[in-house]
Amino acid sequence: MNFNLEKSIEILERTPGVLNAMLRNISTDWTSKNEGEKTWSVYDIIGHLIHGEKTDWMPRTEIILSQKADKKFELFDRFAQFEESKEKSLQQLLDEFKILREKNIELLRSKNITEKDLEEKGIHPAFGEVTLSQLLSTWVVHDLNHIAQISRVMAKQYKIAVGPWIEYLKILQL
Numbered sequence: 782m783n784f785n786l787e788k789s790i791e792i793l794e795r796t797p798g799v800l801n802a803m804l805r806n807i808s809t810d811w812t813s814k815n816e817g818e819k820t821w822s823v824y825d826i827i828g829h830l831i832h833g834e835k836t837d838w839m840p841r842t843e844i845i846l847s848q849k850a851d852k853k854f855e856l857f858d859r860f861a862q863f864e865e866s867k868e869k870s871l872q873q874l875l876d877e878f879k880i881l882r883e884k885n886i887e888l889l890r891s892k893n894i895t896e897k898d899l900e901e902k903g904i905h906p907a908f909g910e911v912t913l914s915q916l917l918s919t920w921v922v923h924d925l926n927h928i929a930q931i932s933r934v935m936a937k938q939y940k941i942a943v944g945p946w947i948e949y950l951k952i953l954q955l
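Residue numbering for the sequence shown follows the working numbering, starting at 782 and increasing by one per position.
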């Protein structure tokens, strides 16, 4: 499938609802455990998504669409959630993510992005030149990636409990 802004928004606007349905009011046993050293829990992943809403997708979109000569992106702190999420419940994080995403989708729509705009470029700190189309495509896949990650982290809580069925459960073999 080629990039399409409206099809992308279909996914982006649904992500908060998907996460809310999966995670609201479930036991912290599901959401506080990770997959081992240097991995993230469900709680950490939601915090990471929030940080992205604040500092990544739309701020970088704004840079690309700006008239400024300098189109360099700020470095994204992939671990900021560990400090920013402290003292917050998962329910608070889910609510915050929903509000931020709604505002970002509204802002994205207000840009009236054209096909020409999608070809505009910014400078990523690691990748160099990237197009707006690539950035927005990545936002969608980033959501889907973290939904899959959340499912995997949760599934692994029952890795031993499933016994011999593990052979058929690919999610437990990742």
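Glycine included, C-beta positions come from ideal geometry on N, C-alpha and C.
Burial is judged here by how many other beta carbons sit within 10 angstroms of a residue's own beta carbon; Y824 has at least 16 and is buried.
In the DSSP assignment, K937 falls outside any beta strand (DSSP E) and carries neither an H nor an E. Listed in chain order, the alpha helix (DSSP H) elements of length 4 or more contained wholly in the region 876-934 are 896-900. When only Cα atoms are considered, G944 and R805 end up about 28 Å apart. A direct Cα-to-Cα measurement between H927 and N785 gives close to 21 Å. Rounded to whole angstroms, I792 and S866 show a C-alpha spacing of 24 Å.
Per DSSP, R795 is not a residue of any alpha helix (DSSP H), being assigned neither H nor E.
Here D810 is exposed, its C-beta having fewer than 16 other C-beta atoms within 10 Å.
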